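Structure, as structure tokens:
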Amino acid sequence: MSAAVKTLVNQPYKYGFVTTIETDTIPRGLNEDVIRLISSKKNEPEFMLEFRLRAYRHWLKMTEPTWPHVTYPAIDYQDIIYYSAPKQKAKKNSLDEVDPALLETFEKLGIPLSEQKRLTNVAVDAIFDSVSIATTFREKLAKEGVIFCSISEALHEYPELVQKYLGSVVPIADNYFAALNSAVFSDGSFVYIPKGVKCPMELSTYFRINSGDTGQFERTLIVAEEGSHVSYLEGCTAPMYDSNQLHAAVVELVALDNAEIKYSTVQNWYAGDENGKGGIYNFVTKRGLCQGVNSKISWTQVETGSAITWKYPSCVLVGDNSVGEFYSVALTNNYQQADTGTKMVHIGKNTRSTIISKGISAGHSKNSYRGLVKMSPKAEGARNYSQCDSMLIGDNAQANTFPYIQVQNHTAKLEHEASTSKIGEDQLFYFTQRGISQEDAVSMMISGFCKDVFNQLPMEFAVEADRLLSLKLEGSVG
Amino acid sequence: MMTEGSEVILSVRDLTAEVDGTPILKGMSLEIKAGEIHAIMGPNGSGKSTFSKVLAGHPAYEVTGGEVIFQGQNLLEMEPEERARSGVFLAFQYPLEIPGVSNLDFLRVAYNSRRKHQGLEELDAFDFDELIQEKLDVVKMDSAFLSRSVNEGFSGGEKKRNEILQMAILEPKLAILDETDSGLDIDALKIVANGVNQLANPENAMLVITHYQRLLNYIIPDRVHVMANGRIITSGTKELALELEARGYDWLLEAETAEVAV
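From first to last, the protein sequence lines stand for chains D and W.
Numbering-wise, our numbering puts 151 at position 149 of the first sequence, and it's gapless, one number per residue.
Numbering-wise, our numbering puts 148 at position 144 of the second sequence, and it's gapless, one number per residue.
Here's what the structure looks like:
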């Protein structure tokens with residue numbers, strides 16, 4: 003890779019600052035007392051503590067998965083701080099009571115929360131380390147019957163809803179990191195869309211890790227009742243530290259009859275430096291249950307950050323005629339590693355799924371697509387279309403595809419397409435020989451490659467995602 | 005063509021270049037004036053393609069000596085994109101496929117970067133569309149090609165015509181055609197040659213690199229040079245190409261070897 007390509011890919015990380023703020027932090031380590039402490043700090047109902055303890059006891063018996071195509075030193079789970087929250091008044095009645103340093107932090111990240119500056123068409127839940135700081139437009143949404151708040155608040159205000167759905171899509175013992183999350187999660191977002199309501203604005207959660215030794219374990223639960231519709235977006239950033247931070251989130255989506263959930267992610271956690279030092283371990287379980295007939299769940303993700311990504315947003319298609327979609331762009335650079343993809347589990351009749359995955363690997367990174375398409379015996383007439391494209395930038399990056407296909411119904415139809423392309427010296431020379439700069443060349447090729455996925459993002463975020471990818475690749479080609 | 009007293013477009017003197025430490029060009033010298041068409045012929049491995057890539061600034065080739073003056077400017081000090089914007093155009097022997105980037109966008113961005121360099125206003129999509137419809141005729145291309153990805157799934161002949169279309173749009177001062185005839189059937193060859201002839205004018209210069217005399221039946225050169233072992237060993241008029249066709253390269257190479265031995 004020439005020097006020009008390298009400078010093009012290695013753009014400095016804009017969100018690497020640390021906010022100095024007084025925190026309420028518990029000692030390092032994990033045991034039942036720590037879990038009781040977290041639960042009591044959050045003043046949770048009894049069932050929640052039980053849920054956590056059950057998960058913890060399962061977790062103790064489980065082992066960390068070794069099948070992903072990633073390598074990292076063993077994580078010392080006793081060296082992590084499981085709860086860290088900015089000190090502030092117990093109950094915040096309005097934004098005026100939120101610490102100005104926090105508001106300033108989010109403003110710096112491009113997420114203004116104050117009445118005057120906030121985005122007009124997007125409601126935001128802002129999460130800082132372990133807790134939710136503020137949720138905008140709560141009252142306005144409440145008028146439509148839409149509940150959008152932190153999951154801690156939901157546990158107090160709508161305990162029966164949370165109890166009914168929490169863990170119903172991702173059971174506490176689903177996998178090692180989901181079990182850990184179920185035991186120690188500190189906050190996250192809760193969304194409930196009542197029957198027949200089309201949510202009037204985009205809902206969004208912004209996750210910010212600030213502390214250097216704290217793991218972030220958030221939990222998101224979205225329930226869409228019959229005939230309802232919601233579009234949700236999450237974003238995330240973290241400061242630059244030499245050490246690695248663990249982020250193990252769980253997201254559960256439930257769509258009832260004729261309901262539709264569109265879930266978009268723009269993930270820009272700190273990825274580590276150009277030598278692979280530091281960065282977030284992003285070990286996430288995301289799953290949607292299309293429980294009702296004609297329901298639809300669509301995942302769109304743009305993954306650009308994190309030292310390591312381990313993530314498979316999935317759809318379980320139970321309702322007849324339900325639809326699952328997965329649109330993904332995963333970019334890795336330097337020494338980043340990503341093992342990401344999806345699972346589409348067809349159970350109901352005439353269920354359909356679409357998988358479009360675009361992997362871009364630059365530098366010395368490893369980028370793997372791993373996907374399962376399963377047609378169970380009752381999935382009469384089920385269909386899947388999968389397309390997995392990889393793009394290599396330079397000569398030292400890796401791209402892998404691991405498709406798993408299980409078909410137990412002979413009427414099911416599957417199609418799988420895959421391609422690999424490369425941005426190398428010769429492609430770039432072709433552009434420059436026509437007078438087009440290398441930066442423009444890379445950005446044209448990347449935009450073209452990712453078009454099918456970006457088209458799925460809400461408008462404002464599609465532009466943002468395009469820009470983000472160009473920035474991330476600046477200096478990597480040449 | 006009368007070229008006495010015309011402006012010198014390209015002047016190459018004692019140019020040496022290597023790739024991965026292996027010397028390929030060993031003292032190339034050449035001068036091309038406005039309005040001239042020069043042909044470079046020569047056996048495989050003589051350095052013809054390397055010469056074209058060095059002129060265009062391909063990063064894999066390292067210039068180790070000599071000079072290249074293009075319209076009074078030191079070409080070797082310019083980045084590849086600056087050379088292109090100043091009017092150096094290379095029609096590739098193997099045009100690259102660029103998935104996901106439409107031919108139209110590619111052409112427009114390229115055209116506008118040249119316009120910008122010339123201090124002209126960039127053309128918007130509508131004006132550019134008008135311009136391109138005209139140019140499509142030069143190579144008898146269907147406008148359906150514009151919405152396809154650059155060269156993706158194009159046949160060999162379509163790729164070469166696409167190169168000439170780009171040349172028609174960019175209107176270079178110096179067009180270098182690197183074995184543009186390779187892999188073309190006779191019809192495609194005529195279309196390509198016809199396109200080149202339409203674009204040649206008293207203001208610009210063409211450097212046609214080819215293996216075979218065949219192309220030179222359609223594009224009539226003012227000068228023919230024979231390259232061997234990294235430099236020009238003999239030059240002549242278009243009759244030299246016919247002689248090479250009849251006798252091959254060996255007699256020239258033998259003379260060259262004898263000369264080196266002395």
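C-beta: ideal position from N, C-alpha, C; glycine also.
Only a predicted model underlies this, so the values are computations on that prediction, with no experimental measurement involved.
Minimum C-alpha distance to residue i - residue among the options
| i | options | result |
| --- | --- | --- |
| residue 424/D | 385/D, 225/D, 443/D, 73/D | 443/D |
| residue 153/D | 177/D, 79/D, 198/D, 41/D | 41/D |
| residue 233/W | 65/W, 129/W, 253/W, 242/W | 253/W |
| residue 204/D | 189/D, 426/D, 237/D, 419/D | 237/D |
| residue 461/D | 266/D, 52/D, 177/D, 80/D | 266/D |
| residue 51/D | 25/D, 168/D, 447/D | 168/D |
| residue 254/D | 422/D, 229/D, 222/D | 222/D |
| residue 27/W | 242/W, 186/W, 16/W, 64/W | 64/W |
| residue 32/D | 61/D, 289/D, 431/D, 18/D | 61/D |
| residue 389/D | 327/D, 147/D, 435/D, 448/D | 327/D |
| residue 352/D | 373/D, 358/D, 57/D, 381/D | 381/D |
| residue 218/D | 385/D, 271/D, 161/D | 271/D |
| residue 427/D | 439/D, 295/D, 142/D | 439/D |
| residue 15/W | 33/W, 121/W, 23/W, 174/W | 33/W |
| residue 195/W | 141/W, 239/W, 126/W, 120/W | 141/W |
| residue 104/D | 330/D, 329/D, 19/D | 19/D |
| residue 283/D | 306/D, 295/D, 294/D, 296/D | 306/D |
Spatial neighbours of residue i in its chain, beta-carbon cut-off 6 angstroms, leaving aside the 5 residues before and after
| i | result |
| --- | --- |
| residue 206/D | 124, 126, 235 |
| residue 226/D | 195, 232, 257, 261, 263 |
| residue 103/W | 153, 156 |
| residue 93/D | Only weak support exists for where residue 93/D lies, its pLDDT of 49 falling under 50; the coordinates are left without a value. |
| residue 299/D | 255, 257, 263, 290, 292, 317, 326 |
Beta-carbon proximity of residue i to residue j, cut-off 8 angstroms
| i | j | result |
| --- | --- | --- |
| residue 222/W | residue 197/W | yes |
| residue 410/D | residue 379/D | yes |
| residue 136/D | residue 115/D | yes |
| residue 324/D | residue 350/D | yes |
| residue 228/W | residue 244/W | yes |
| residue 375/D | residue 291/D | no |
| residue 395/D | residue 362/D | yes |
| residue 180/W | residue 56/W | yes |
| residue 178/W | residue 143/W | no |
| residue 132/D | residue 188/D | yes |
| residue 224/D | residue 186/D | no |
| residue 52/W | residue 231/W | yes |
| residue 239/D | residue 111/D | yes |
Run of the beta strand (DSSP E) containing residue i, from where it starts to where it stops
| i | result |
| --- | --- |
| residue 301/D | 298 to 305 |
| residue 32/W | 26 to 37 |
| residue 458/D | Taken as a continuous stretch (DSSP letters only), residue 458/D belongs to no beta strand (DSSP E), as it is neither H nor E. |
| residue 164/D | Per DSSP, residue 164/D belongs to no beta strand (DSSP E); it is in the alpha helix (DSSP H), 161 to 167. |
| residue 109/D | First-last for residue 109/D: 102 to 110, but that is the alpha helix (DSSP H), not the beta strand (DSSP E). |
| residue 408/D | 400 to 409 |
| residue 210/W | 209 to 213 |
| residue 239/W | 235 to 240 |
| residue 386/D | 385 to 395 |
| residue 42/W | 41 to 45 |
| residue 369/D | 368 to 377 |
| residue 128/D | 124 to 130 |
Close beta carbons around residue i, own chain, < 8 angstroms, minus the five adjacent residues each side
| i | result |
| --- | --- |
| residue 258/W | none |
| residue 23/W | 54, 64, 65, 66 |
Residue i - containing alpha helix (DSSP H), residue span
| i | result |
| --- | --- |
| residue 2/W | The structure shown does not extend to residue 2/W, since chain W is modelled only from 5 to 266, so the question has no answer here. |
| residue 334/D | No alpha helix (DSSP H) contains residue 334/D, which is instead part of the beta strand (DSSP E) from 325 to 334. |
| residue 434/D | 427 to 435 |
| residue 272/W | Nothing about residue 272/W can be read from this structure; chain W reaches only from 5 to 266. |
| residue 140/W | 129 to 140 |
| residue 57/D | 48 to 63 |
| residue 177/D | No alpha helix (DSSP H) contains residue 177/D, which DSSP labels as neither H nor E. |
| residue 149/W | 148 to 151 |
For the segment 431 to 459 of chain D, enumerate the residues whose C-beta is nearer than 7 angstroms to any C-beta of chain W, in chain order. 431, 432, 434, 435, 436, 437, 438, 439, 442, 446, 447, 450, 451, 453
Closer than 9 angstroms, Cβ to any Cβ of chain D: which residues of the segment 168 to 194 of chain W, in chain order? 170, 174
What are the residues of the segment 383 to 395 of chain D that lie near chain W, defined by any Cβ-Cβ distance shorter than 8 angstroms? none
Residues of the segment 48 to 61 of chain W with Cβ closer than 9 angstroms to any Cβ of chain D, in chain order: 57, 60, 61
Would you list, in chain order, the members of the segment 80 to 94 of chain W that have their beta-carbon closer than 7 angstroms to a beta-carbon of chain D? 84, 85, 88, 89, 94
What are the residues in the segment 124 to 141 of chain W lying within 8 angstroms of chain D by C-beta distance? none
Cβ-based contacts, 7 angstroms cut-off: residues of the segment 415 to 426 of chain D near chain W: 423
Give, in chain order, every residue of the segment 130 to 141 of chain D whose Cβ lies closer than 9 angstroms to some Cβ of chain W. none
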